[in-house]
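Numbering (this note's numbering), first residue to last: 426 to 562. In this text, a Cβ means the ideal position worked out from N, Cα and C, and glycines have one as well. Beneath this line is the structure, given in structure tokens, with notes to follow.
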Amino acid sequence: MTMSKRRWTILLISVIAAAALGLAGRVIVPPLYFAYTMHRQMDDKERQLLYRINHKVFASELRNFANEHRWSFPHESDGFDYFRATDPNVPPDLRALDPSVIRVFNDRIEFECGGAFLSFGIVVFREGLRGSGTKEL
């Protein structure tokens, strides 16, 4: 019993389609899974930073850090000092929150997480300054 030309064509197309789907799955799914996982982790970290820490203590720690590294010294420039989480000057309590960067300006501290792609953070102003932003915690 031999297969007709039509059945061979259908079988060949089915094999090629299955191979293409398998290849697409191996090429497309891992980056999508990575992006989804990274986004979920950043959402968890954002919830921790916004809802699960004591913001008064957090602001106090950041202000103490800024006093030690910029605010206690006269700075004429409007620039900022830049600290990564791996910097030994960053206190362990702040380092435990794994920031991407901490920027200390003359009037505020920016505590950022998430890196370049999923950036979020908290800005703490000097005591007595009203500040600005999307939400006041």
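The residue among E552, P524 and N492 with its C-alpha nearest the C-alpha of A541 is P524. According to the DSSP secondary-structure assignment, R533 is paired through a beta bridge with F550. Membership of D512 in any beta strand (DSSP E) is not indicated, and neither H nor E is assigned to it by DSSP.
Look at the beta carbons and you see the segment 495-510 not touching the segment 542-550: under three pairs across the two are nearer than 8 Å.
The straight-line gap separating the alpha-carbon atoms of E493 and P513 is approximately 13 Å. In the structure shown, the three-state DSSP call for F490 is helix. A direct Cα-to-Cα measurement between R488 and F505 gives close to 14 Å.
Look at R520 here: in three-state DSSP terms it is helix. Between the alpha carbons of P517 and R451 lies a distance of about 41 Å.
With respect to I527, F490 sits close: the two C-beta atoms are nearer than 9 Å. Between E486 and L519 the beta-carbon gap is near 6 Å, inside 8 Å, which marks them as a contact.
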